[in-house]
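Numbering (our numbering), first residue to last: 379 to 837.
The next block holds one structure in the form of structure tokens; read it before the comments.
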């Protein structure tokens, strides 16, 4: 994909001016406006819609939205608005796509759209994506013939599903190569750290742009010559965009920042900050399709706590790693042992159970979930026995239940900021809801995600 444009359509006539309120359609919330530092705004004489561009990239380089594209997006969005207020759309996304293609059949292709949402008595798509069909002579850069456009009309869907983000790390001291010193040197340098100066540096970095979140993680620093000599080091991140709350993206931003500002290679930094330069994670694969007590309304059904062996084996194949198969195992058609830890994990949430796969880079003290949550038990947070469980585990449970509810996707627009949607880089049909606790990443496969173990090769 050469040209990537993602934006929101604001409609002045629909904006809700009540304090603290956001219109169902055509208005960005204060939170969503923080999803990019430098947004681009486009209007056109005689039209009632405004394009707010959050992402405009050509081969990953940010550019101004080419006028051919901004004019086209505004024209198409105005048509949608006009048709909606004239009552020509219903609660039928397939019919909406048919009408849109009928109007713009010679100029657009690859049309997709979200479910319809009502603004008063008028129906709008939550979002629309398409490709502008154009020749190389009709655009400023020939590569722009390969393009993808997506615009949102619904703030709730945009807030949940916009994938762009910007992350700006703020180290406690500088330069970063100070952390390559021995423990006594680093400890002495950290004595200069204080919150007022740290916050002042963060405000300077923000440059007046309202941010989505400011998070600070305590990372364990290791002396690269003596792994057991450690210090706890706070590192802050300015985040623009809900997607930036994904712990994987935060570590990527930290790695990039450290390496860009360092004279030392990755091999040295892995020893100093293993939590940053490796990924400690657990992937939860719930038995969403394994029902115990069905119900006419799907949302009220209960899951079966018993997961079949084939489900667990498939989960390892897709999300973990198997060891090498011996000749004897091949001859008897046996599976080898997994090289990543696998556990059966029951929960009290609707009797749902999961297969839990440890990450291949997990350190030895976190190579199995038992070591991270040694006192996990099937106890309700309302039960008096919850007091017998450690604070760490009870706090983890609160996040875990929030993530399970989000991953079940019956309430897709009520996800807290602590839980982030993560789409697989290689397969957009596979996605997770992710949270982080004590620098460990927990991924829960979404109920609607599509995954399957590949069929065995023919012998």
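Glycine is no exception: its CB is placed at the ideal position from the N, C-alpha and C atoms.
Computed from a predicted model, the values in this text were never measured in an experiment.
Q | Distance CB(residue 391)-CB(residue 533) smaller than 9 Å | A | Sequence index remark: in the chain shown, residue 391 carries index 13 (1-based). Sequence index remark: in the chain shown, residue 533 carries index 155 (1-based). Cβ distance not < 9 Å, so residue 391 and residue 533 don't count as in contact.
Q: Note down the Cα distance separating residue 452 from residue 471, rounded to an integer number of angstroms.
A: For this step, residue 452 is matched to residue 74 along the chain shown. For this step, residue 471 is matched to residue 93 along the chain shown. Cα-Cα distance, rounded: 20 Å.
Q | Rounded Cβ spacing between residue 660 and residue 736 (contact assumed at less than 8 Å) | A | For the purposes of this step, residue 660 is identified with residue 282 of the chain shown, where counting begins at 1. For the purposes of this step, residue 736 is identified with residue 358 of the chain shown, where counting begins at 1. At roughly 6 Å, the Cβ-Cβ gap stays under 8 Å, so residue 660 and residue 736 are in contact.
Q. Can you tell which of 746, 578, 614 has the C-alpha that lies nearest to the C-alpha of residue 635?
A. What you label residue 635 is simply residue 257 of the chain shown in a count that begins at 1. Closest option to residue 635, Cα to Cα, is 614.
Q: For the stretch 581-589 and the stretch 402-419, state whether three or more C-beta atom pairs, one from each stretch, are separated by less than 8 Å.
A: yes
(Q) Taking only three categories from DSSP, how would you classify residue 709? (A) If you number the chain shown from 1, residue 709 lands on position 331. Here residue 709 sits in helix by DSSP.
Q) Hey, quick one: how far does the beta strand (DSSP E) through residue 494 stretch, first residue to last? A) Translated into the one-based positions of the chain shown, residue 494 becomes position 116. From DSSP, the beta strand (DSSP E) with residue 494 extends over 494-497.
Q: Please classify residue 684: is it buried, with 16 or more other beta-carbons within 10 angstroms of its beta-carbon, or exposed?
A: For the purposes of this step, residue 684 is taken as the residue at position 306 of the chain shown. Exposed.
Q. Are there 16 or more other CB atoms within 10 angstroms of the CB of residue 789, so buried, or fewer, so exposed?
A. Translated into the one-based positions of the chain shown, residue 789 becomes position 411. Its Cβ having fewer than 16 others within 10 Å, residue 789 is exposed.
Q. Which same chain residues, not among the five before or five after residue 693, have their C-beta less than 6 Å away from its C-beta?
A. For the purposes of this step, residue 693 is identified with residue 315 of the chain shown, where counting begins at 1. Here the set comprises 663, 733.
Q.
Between the alpha carbons of residue 568 and residue 544, how many angstroms are there, rounded?
A. Sequence index remark: in the chain shown, residue 568 carries index 190 (1-based). Sequence index remark: in the chain shown, residue 544 carries index 166 (1-based). Spanning the two alpha carbons is a distance of roughly 27 Å.
(Q) Considering only the alpha carbon of each residue, which of 745, 669, 709, 708 lies closest to residue 698? (A) If you number the chain shown from 1, residue 698 lands on position 320. Closest by alpha carbon: 745.
Q: Sort 433, 599, 548 by Cα distance to residue 575 and report the nearest one.
A: By 1-based counting over the chain shown, the position of residue 575 is 197. Out of 433, 599, 548, 548 has the C-alpha closest to the C-alpha of residue 575.
Q. Between the Cα of residue 538 and the Cα atoms of 619, 556, 502, 611, which residue gives the shortest distance?
A. Taking the first residue of the chain shown as 1, we reach residue 538 at position 160. With distances taken between Cα atoms, residue 538 lies closest to 619.
Q) From which residue to which residue does the alpha helix (DSSP H) around residue 381 run? A) Here the question's residue 381 lines up with position 3 in the chain shown. Element bounds for residue 381: not the alpha helix (DSSP H) but the beta strand (DSSP E), 381-389.
Q) What did DSSP end up calling residue 454 once you bin it into helix, strand or coil? A) Mapped onto the chain shown, residue 454 falls at position 76. In this structure, residue 454 counts as helix in the three-state DSSP scheme.
Q. Any idea what DSSP makes of residue 789, helix, strand or coil?
A. Counting from 1 along the chain shown, the entry for residue 789 is found at position 411. Here residue 789 sits in coil by DSSP.
Q) Which of helix, strand or coil does DSSP assign to residue 397? A) To locate residue 397, count along the chain shown from 1; it is residue 19. If DSSP states are grouped into helix, strand and coil, residue 397 belongs with coil.
Q: Going by CA-CA distance only, name the one from 772, 475, 490, 523 that's closest to residue 446.
A: Locating residue 446 in the chain shown gives position 68, counting from the first residue. Checking every option, the nearest Cα to that of residue 446 belongs to 523.
Q) How is the alpha helix (DSSP H) around residue 631 delimited, first residue to last? A) Counting from 1 along the chain shown, the entry for residue 631 is found at position 253. Following the DSSP letters along the chain, one finds residue 631 inside the alpha helix (DSSP H) bounded by residues 625-638.
Q: Reducing DSSP to helix, strand and coil, say where residue 607 ends up.
A: Residue mapping note: residue 607 aligns to position 229 of the chain shown, counting from 1. When DSSP states are grouped into helix, strand and coil, residue 607 belongs to the strand group.
**Q.** Beta-carbon proximity of residue 696 to residue 565, cut-off 9 Å
**A.** Locating residue 696 in the chain shown gives position 318, where the first residue counts as 1. Locating residue 565 in the chain shown gives position 187, where the first residue counts as 1. Taking 9 Å as the Cβ cut-off, residue 696 and residue 565 do not qualify as a contacting pair.
Q: Would you grab the beta carbon distance between residue 527 and residue 507 for me? Rounded to a whole angstrom, and I think it's under 8 Å.
A: Taking the chain shown and counting its residues from 1, the one referred to as residue 527 is at position 149. Taking the chain shown and counting its residues from 1, the one referred to as residue 507 is at position 129. 6 Å between Cβ atoms; contact.
Q: Tell me where the alpha helix (DSSP H) around residue 646 begins and ends.
A: For the purposes of this step, residue 646 is taken as residue 268 along the chain shown, with counting starting at 1. Here the alpha helix (DSSP H) through residue 646 covers 644-650.
**Q.** Reduced DSSP secondary structure (H/G/I, E/B, other) of residue 441
**A.** If you number the chain shown from 1, residue 441 lands on position 63. Under the three-state reduction of DSSP output, residue 441 falls in the coil class, being neither helix nor strand.
(Q) Within 8 Å, do at least three Cβ pairs link the stretch 482-490 to the stretch 499-517? (A) yes
Q: Indicate whether the contact test is met: 3 or more Cβ pairs, each with one atom in the stretch 704-712 and one in the stretch 745-756, closer than 8 Å.
A: no
Q) So is residue 577 buried or exposed if we call it buried at 16+ other beta carbons inside 10 Å? A) Mapped onto the chain shown, residue 577 falls at position 199. With fewer than 16 Cβ atoms within 10 Å of its Cβ, residue 577 is classed as exposed.
Q) Can you tell me whether residue 386 is buried or exposed, with buried defined as 16 or more other CB within 10 angstroms of its CB? A) Numbered from 1 along the chain shown, position 8 holds the residue referred to as residue 386. Buried.
Q. Which residues in the same chain have their Cβ closer than 6 Å to the Cβ of residue 763, if we skip the five residues on either side of it in sequence?
A. Taking the first residue of the chain shown as 1, we reach residue 763 at position 385. Cβ within range, chain order: 757.
Q | Candidates 572, 555, 581, 688, of which the one nearest residue 637 by Cα | A | For the purposes of this step, residue 637 is taken as residue 259 along the chain shown, with counting starting at 1. Nearest of 572, 555, 581, 688 to residue 637, Cα basis: 555.
Q.
Taking 7 Å as the limit between beta carbons, can you name the residues of its chain near residue 380, skipping five residues before and five after?
A. Working through the chain shown from its first residue, we reach residue 380 at position 2. By the criterion of a C-beta distance shorter than 7 Å, residue 380 is surrounded in its chain by 436, 437, 521, 522, 524, 525, once the five residues flanking it on both sides are discounted.
Q. Looking at residue 476 and residue 493, is the spacing between their C-beta atoms short of 9 Å?
A. The count along the chain shown starts at 1 and reaches residue 493 at position 115. The count along the chain shown starts at 1 and reaches residue 476 at position 98. Against a cut-off of 9 Å, the Cβ pair of residue 476 and residue 493 comes out as no contact.
Q: Assign residue 774 to one of three DSSP states: helix, strand, or coil.
A: Here residue 774 refers to the residue found at position 396 when the chain shown is read from its first residue. Here DSSP, grouped into helix, strand and coil, assigns residue 774 to helix.
Q. Whose C-alpha, out of 448, 775, 828, 407, is nearest the C-alpha of residue 804?
A. Translated into positions along the chain shown, residue 804 becomes position 426. Looking at the Cα atoms, 828 is the closest of the given residues.
Q. Going along the chain, which residues of its own chain have a beta-carbon closer than 7 Å to the beta-carbon of residue 430, five neighbours each way excluded?
A. Residue mapping note: residue 430 aligns to position 52 of the chain shown, counting from 1. Excluding positions up to five away in sequence, the list reads 385, 386, 388, 406, 417, 419.
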